[in-house]
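Trainee: Please see the structure below; I have some questions.
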Amino acid sequence: MRTIRVVLALAAVLALSACERDGRTVGQKVDTAVAKTQQSLEQAGEKTRETIHENAPKVEQELSAAGRKIEDATEKTVDRTKQAVHDMKDDHKSNGSPK
């Protein structure tokens, strides 16, 4: 049991000394990592803005085309429904069925 404790203590000392090899504290390393992360996020945000700006006209065009297709399909559906109602009324009249 004592041997395990000694080995663990030595491993901890070696790990801590490895962290300090470059002379920076853990806090300094965390600060550096945070700064790099912030910089990466800013770059990603800028790339996202550029991509959105570049693609906005194409997206607008595609949405407009889709809207026109929906309008056309809606008009056809309305026309077909009106025709079906008209045809039903004609069928009822020709069969002598009451309205």
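Quick note on the working numbering: the sequence shown kicks off at -19 and runs consecutively. Glycine is no exception: its CB is placed at the ideal position from the N, C-alpha and C atoms.
Helix, strand or coil for residue 60? Go by DSSP, reduced to three states.
Mentor: Within the sequence shown, numbered from 1, the residue matching residue 60 stands at position 80. Three-state DSSP puts residue 60 in a helix.
Trainee: Tell me the rounded alpha-carbon separation between residue 15 and residue 7.
Mentor: Along the sequence shown, read from residue 1 onward, the residue named residue 15 stands at position 35. Along the sequence shown, read from residue 1 onward, the residue named residue 7 stands at position 27. C-alpha separation (whole angstroms): 12 Å.
Trainee: How long is the line joining the alpha carbons of residue 67 and residue 60, rounded to whole angstroms?
Mentor: Counted from its first residue, the sequence shown places residue 67 at position 87. Counted from its first residue, the sequence shown places residue 60 at position 80. Approximately 10 Å between the Cα atoms of the pair.
Trainee: Identify, in the order they occur along the chain, each residue of the same chain with its Cβ nearer than 7 Å to the Cβ of residue 69, setting aside the five sequence neighbours on each side.
Mentor: Here residue 69 corresponds to residue number 89 of the sequence shown, with the count starting at 1. Around residue 69: no qualifying Cβ.
Trainee: Consult DSSP for residue 2 and reduce its assignment to one of helix, strand or coil.
Mentor: Here residue 2 corresponds to residue number 22 of the sequence shown, with the count starting at 1. DSSP places residue 2 in coil when its eight states are reduced to three.
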